[in-house]
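**Q** Chains as they are written, first to last, in the working numbering: chain A, 1168 to 1508; chain B, -18 to 333. C-beta atoms are modelled at their ideal positions from N, C-alpha and C, and glycine is treated no differently. These figures come from a predicted structure and were not determined experimentally. This structure is in structure tokens; I'll ask about it shortly.
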Amino acid sequence: MASNVAMAGSPRSRAGVLISGFARSRELTLAAVMIVLSALVATQTPNFLSLDNLGPVMTLGAIIAIAAVGESLVILTKNIDLSVESTIGIVAFVVGDILKQQALPIPAAWVIGIGLGLVLGMANGVIVAIFRVPSIVATLGTLSLFRGLAFLVANGHEINLNDLPDGYTNAASQSVFGVPLFVILAIAVVVVAALVLRYTVVGRLFYAVGSNAEAAATIGVRSRLTVFLAFALCGMLAGVAGVLWGMNFGAIYANSASGQSLAVIAAVVVGGVSISGGSGTVVGAALGAVFLALINNALLLLLLPQEWLQMIYGAVILLAVSTDALIQVRTQRAKARSRIR
Amino acid sequence: MGTGGHSGNARSPVRVLLSVLARWEMLLVAILAVVIWAGTQISPVFLSGDNFGASISGTMEVAIMALPMTLIVITGDIDLSVESMIGLSGAILGVLWAAGIPLQAGIPIVLIVGVFGGLFNGFLVTRWGLPALVVTLGTLALYRGLANVVLGTSYVSNFPSNFTAFGFGYVPGTSIPWTLLAFLILAVIFWAVLHLTWIGRQVFAIGKNKDAARYSGVRVATLRTALFGVSGLVAAFAGIILALRYNSVRSDNGTGLTLTVVMIVVLGGVDINGGKGTIPGVILAVFTLAALQSALRLAGVSSEYQNVAIGLLLIVSVIAPQLARQFRVLVDRVRLSRHGPVRDPVPGEVVR
């Protein structure tokens, strides 16, 4: 009687096991693709790899990455937050406005900005977790609502570089040992988030609720509280991104960050976080943000039309989600096959 | 010898009337009446023919798209890409027109593109089982991107006047825009399909329980894909109307309309989780939205804040039925605790 091991599938070589394990790690695949992509672009425009070019690119990528970490918390719980762009926009404007009117010192303005993000996130959390409105509908509504609040606050004005304190925007171009400041900040956020998600009970709860909310509720997990927390944290991190946005661009409008929700969600999805919840890492989401920033920059340098960017976001989302689904189908089929034998 | 207690079976006329009045559509009629009243308070021209024609024609694109969206939401899916299909169809129409191709040929081409765009959505959702939310989020970006690539930053205008007359013209002698006529015709068709035919039955079946529907012989995948195809077709039609009404196309035509379409559907009483909804409700929601936008415009509210009103309305119209349901559950619980479960009295038992 042949053993089950010998019957279950074809013999795998060492290399095969290594490659399949590699392919199964979304983060490693993404990093590899980025290296290949960068190499290709660098052959066309050697300027690509210079610090002058990569600095600003990575700085913007870091801002999106921080928002992506928050968004992945929400997506892990099997929800979605379309309103992040409006949160980033209104926080950027409010912080800029406070500094323009010199009403408070800079750190206080930051705290208010991040606090505003937290409050907006909690509003989302209340609508989704307490009133049980599906998150797609709820955040479609708050996307508009928060943007309207931004217009209300702006009242037709905008914030220019001159309105901000001297040297305020310099922080965006500073670097430590060649690594932009914002990137270091983003790495810190990602590390903290990753550690919390992996090694604390609260972190594991996000995965639990996203995988199977009912099973989680059965064993006593407060699912609605977890979802509320996810939205609150997402709003808070979007607030952080909003503060950094203001520092990076200097010019802030009521419409600032419009369209960024798609970039954030694309980053999260590309980074391997499953849209049906329960799996994925914030490291992947951050790498996804960097990946998209690199593509954006490559487009620019290769003199391809900027209009392609939207199309690429869409194609990237579809590609990432399709490959995830195909991999899932294949592993399920393989499991079923090995079980039958 | 028991009297009193509940008979529970016969429904008094009062109860029947109450159950009819408690329907969502009745609430909408009430809201519509309130909005119209508010509009007349804001401005004396609110009910004039000119104002009616102008406000109603502005909502016809989203109204038309709300019809297939209703069916899609009832089956438990959603199509976020409609606004980008409007942009893409307009862009293609403009490019064809600018290249000298007459609209008689351009319009069918655009409609076919719309169908294929919708079928692409349907294919990804049914064949590969991807969540409709994410697929249409991706195509939202993809089709908008294609529109950008096709048209770039330029714009096309100067469409032939006999076509633009359809876009912003009225039935001769009345204040009824041609596009309203188109919407009403489509609304009747969709109403008949959803409420009178087996297709509609199957749509509801899929929405209530996809697997049960499949085991009952419903071609779930085919129907879902077809619905997405129809949505793409109708969105392309709406894009053509938009282009003709403005007599210009830009690659950002239609941006932000998805929110409005979803709002109309939800306001119309369609359950966002699927399985429930009516076309008459959606029609009422369309008119309510038109009246609301007209009233806000006459009151001087900018379009940005009108969007806020729409967002608020969206959230409220989803929360309200939840609250109503929870209220009803509460009422039932109270009634149950007070009277106990209803059963027939045992002979000789005294029923209090």
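Between Ala1338(A), Ser1441(A), Leu1195(A), Pro1301(A), which has its C-alpha nearest valine 247(B)'s C-alpha?
**A** Per the Cα distances, Pro1301(A).
**Q** Helix, strand or coil for proline 1347(A), going by three-state DSSP, please let me know.
**A** Of the three classes helix, strand and coil, the one that applies to proline 1347(A) here is strand, per DSSP.
**Q** Strictly under 7 Å for the Cβ-Cβ distance: is isoleucine 73(B) near chain A by that measure?
**A** Judged by the 7 Å Cβ criterion, isoleucine 73(B) is not in contact with chain A.
**Q** Counting only Cβ pairs nearer than 7 Å, list the residues of chain A close to proline 112(B).
**A** Under the 7 Å cutoff, chain A gives Ile1442, Ser1443.
**Q** Using a Cβ-Cβ cut-off of 7 Å, state whether asparagine 234(B) counts as contacting chain A.
**A** Cβ-Cβ to chain A under 7 Å: no for asparagine 234(B).
**Q** I'd like the list of long-range same chain contacts for alanine 1361(A), defined as Cβ closer than 7 Å, with 5 residues on each side in sequence excluded.
**A** Same-chain partners within the cutoff: Thr1448, Val1449, Val1450.
**Q** Which of helix, strand or coil does DSSP assign to serine 1342(A)?
**A** Strand, per DSSP.
**Q** Check each residue of the segment 1282 to 1311 of chain A: if its Cβ is closer than 9 Å to any Cβ of chain E, include it; give the result in chain order.
**A** Looking at the structure shown, chain E is missing, and the protein chains on hand are A and B.
**Q** Verify whether the separation of the beta carbon atoms of alanine 1456(A) and alanine 1235(A) is less than 7 Å.
**A** Yes. Within cutoff.
**Q** Buried or exposed: where does valine 152(B) fall if 16 or more other Cβ atoms within 10 Å of its Cβ makes it buried?
**A** Valine 152(B) comes out exposed.
**Q** Scan the segment 1431 to 1500 of chain A and note each continuous alpha helix (DSSP H) run of 4 residues or more that stays entirely inside, going in chain order.
**A** The qualifying runs are 1449 to 1468.
**Q** Are the C-beta atoms of leucine 1227(A) and some chain B residue less than 7 Å apart?
**A** Not closer than 7 Å to any Cβ of chain B, the Cβ of leucine 1227(A) fails to qualify, so no.
**Q** Report the neighbours of leucine 295(B) on chain A: residues whose CB is nearer than 7 Å to its CB, in chain order.
**A** Ordered by position in chain A, the residues that pass the 7 Å Cβ test against leucine 295(B) are Val1304, Leu1307, Gly1308.
**Q** Report the three-state DSSP secondary structure of tyrosine 1420(A) (helix, strand or coil).
**A** Correct three-state label for tyrosine 1420(A): coil.
**Q** Say whether the segment 69 to 85 of chain B touches the segment 208 to 227 of chain B, bearing in mind that this needs 3 or more beta-carbon pairs closer than 8 Å, one atom from each stretch.
**A** As far as the Cβ criterion goes, the segment 69 to 85 of chain B touches the segment 208 to 227 of chain B, which means the pair count is three or higher.
**Q** What distance in whole Å lies between the Cβ atoms of phenylalanine 1398(A) and valine 1258(A), which are believed to be in contact at a cut-off of 8 Å?
**A** Not a contact, Cβ separation roughly 15 Å.
**Q** Who are the near neighbours of phenylalanine 1260(A) in its chain, counting only those whose CB is closer than 7 Å to its CB and skipping five residues on each side?
**A** Ala1317, Val1320, Ala1321, Ile1326, Ile1419, Ala1421, Ser1423.
**Q** Taking the alpha-carbon positions, what's the arginine -4(B) to phenylalanine 308(B) distance?
**A** Spanning the two alpha carbons is a distance of roughly 18 Å.
**Q** Using alpha carbons as the reference points, say which of Ile1233(A), Gly1228(A), Met1225(A), Ala1199(A) lies closest to valine 1357(A).
**A** Checked all of Ile1233(A), Gly1228(A), Met1225(A), Ala1199(A); the closest Cα to valine 1357(A) is Ile1233(A).
**Q** Please report the distance separating the alpha-carbon of valine 297(B) from that of threonine 1196(A).
**A** So the two alpha carbons sit approximately 43 Å from each other.
**Q** Chain A partners of arginine 125(B), CB-CB under 7 Å?
**A** Here the neighbours are Gln1477.
**Q** Given a threshold of 16 other Cβ atoms within 10 Å of its Cβ, counted over all protein chains shown, does glycine 1237(A) qualify as buried or as exposed?
**A** Answer is buried; the Cβ neighbour count reaches 16.
**Q** Are the CB atoms of isoleucine 1484(A) and alanine 1405(A) nearer to each other than 7 Å?
**A** Not in contact: isoleucine 1484(A) and alanine 1405(A) (Cβ atoms no closer than 7 Å).
**Q** Between valine 1363(A) and isoleucine 264(B), what straight-line distance do the alpha-carbon atoms span, to the nearest angstrom?
**A** Their backbone Cα atoms lie some 49 Å apart in a straight line.
**Q** Would alanine 1492(A) count as contacting chain B if we go by Cβ distances under 7 Å?
**A** True, the Cβ-Cβ gap to chain B drops below 7 Å.
**Q** Can you confirm whether glutamate 1238(A), when its beta carbon is compared against all beta carbons of chain B, has any partner nearer than 7 Å?
**A** Taking Cβ atoms only, chain B never reaches closer than 7 Å to glutamate 1238(A), which makes this a no.
**Q** Under 7 Å, Cβ to Cβ, is there at least one residue of chain A near valine 137(B)?
**A** Output row for valine 137(B): interface = no.
**Q** Keeping to the same chain, check which residues put their C-beta closer than 6 Å to that of glycine 1256(A); ignore five residues upstream and five downstream.
**A** Closer than 6 Å at Cβ, skipping near neighbours: Ala1317, Ser1423, Ala1424.
**Q** Give the DSSP-derived three-state secondary structure of valine 137(B) in the structure shown.
**A** Valine 137(B): strand per DSSP, three-state reduction.
**Q** Are the C-beta atoms of valine 1394(A) and some chain B residue less than 7 Å apart?
**A** Chain B contact via Cβ: absent.
**Q** Can the beta-carbon of threonine 40(B) be found closer than 7 Å to that of leucine 295(B)?
**A** Not a contact, by the Cβ cut-off of 7 Å.
**Q** Would you say serine 156(B) and glycine 321(B) are within 7 Å of each other, going by their C-beta atoms?
**A** No; because the gap between Cβ atoms is not below 7 Å, this pair is not in contact.
**Q** Let's see if you can read the secondary structure: which residues bound the alpha helix (DSSP H) around proline 1223(A)?
**A** Where proline 1223(A) is concerned, the enclosing alpha helix (DSSP H) stretches over 1218 to 1243.
**Q** Less than 7 Å between CB atoms is the rule here; does glutamine 183(B) satisfy it with respect to chain A?
**A** With 7 Å as the cut-off, glutamine 183(B) does not count as an interface residue toward chain A.
**Q** Keeping to the same chain, check which residues put their C-beta closer than 7 Å to that of asparagine 1291(A); ignore five residues upstream and five downstream.
**A** Correct list, in chain order: Asp1248, Ser1250, Ala1305, Thr1306, Thr1309, Phe1398, Gly1402.
**Q** Starting from asparagine 190(B), find everything on chain A with Cβ-Cβ shorter than 7 Å and list it in chain order.
**A** Within 7 Å Cβ-Cβ: nothing; asparagine 190(B) doesn't reach chain A, min ~17 Å.
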